[in-house]
Amino acid sequence: MNNETGDAIKQPFDEAHEREENTLEKAKVAFSDKLPISTPAAAVSSSEVSVHELKSRLNWGEPGLTILDVRDRDVFDDCRILGAMNTPVSILPGAVQSTLQFKRDIYIYGSNDGESTTAANILREAGFHQVAVLKGGLEAWLKIDGSVDGVNTNTDPGPDAYNVFSRLKEFANERAKEKSVS
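Heads up, the sequence shown is in our numbering, so the first residue is 123 and it goes up one at a time.
Dropping the structure here:
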């Protein structure tokens with residue numbers, strides 16, 4: 123095959139490749155302002171975080187964090203952030219020293235900011251490095267429609283409830299379909 127024949131065959135491929143590149147660029151430009159830039163929030167780096175920051179991390183399904191509710195058990199049972207562990211201030215830090223890693227991201231909320239700050243300080247003094255108070259606590263969480271659980275909650279977890287719940291539900295539905303087909 124001579125050089126002219128090779129060029130004749132190669133030219134349509136080069137033109138098609140160029141059209142594809144142009145189409146991709148046009149699509150990027152057309153949709154760049156329509157797609158949200160949504161990345162998970164950084165790990166705990168300050169002593170306070172907003173409910174939006176925590177919800178962002180949970181929506182990304184990040185497993186490397188723990189939410190501690192330091193209120194009394196009866197209040198915790200009524201309503202709490204979905205996935206929160208009840209650890210009243212009175213039993214800190216002993217209750218978590220053997221169960222949580224010292225470098226784990228810990229988010230704390232209580233009945234008020236003073237209680238939350240006290241709990242955070244106790245954990246920091248015990249050697250936990252990444253502890254943050256959730257600004258506004260449960261009240262602020264409810265205002266942004268964060269997922270909650272408890273006796274006095276009449277709502278099911280939302281579809282964004284840590285992403286895990288919706289995935290588990292989908293998995294269960296698929297599994298049920300597979301069993302019914304078998």
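Where a beta carbon is used, it is the ideal one built from N, C-alpha and C, also for glycine.
- About 16 Å separates the beta carbons of GLY259 and ASP199, which is beyond the 8 Å limit, so they are not a contact pair.
- The beta carbons of GLY186 and ARG226 sit closer together than 8 Å.
- PRO215 places its beta carbon less than 8 Å from that of LEU245.
- In this structure, the straight-line span from the alpha carbon of HIS174 to that of GLU237 is close to 21 Å.
- Assigned with DSSP and collapsed to three states, ILE266 falls in coil, not helix or strand.
- Where ASP191 is concerned, the enclosing beta strand (DSSP E) starts and stops at 187-191.
- A straight line joining the alpha-carbon of ASN234 with that of SER269 spans about 20 Å.
- Secondary-structure assignment with DSSP links ASP227 through a beta bridge to LEU187 and GLN252.
- As a beta-bridge residue in DSSP terms, VAL171 pairs with LEU256.
- About 4 Å separates the Cβ atoms of VAL192 and GLY232, confirming a contact at the 8 Å cut-off.
- Under the 10 Å beta carbon count, PHE250 is surrounded by 16 or more other beta carbons and is classified as buried.
- Within a 10 Å sphere around the beta-carbon of LYS177 sit 16 or more other beta-carbons, which makes this residue buried.
- When rounded, the separation of the alpha-carbon atoms in SER212 and ALA298 is 45 Å.
- Rounded to whole angstroms, the gap between the alpha carbons of GLU261 and TYR229 is 15 Å.
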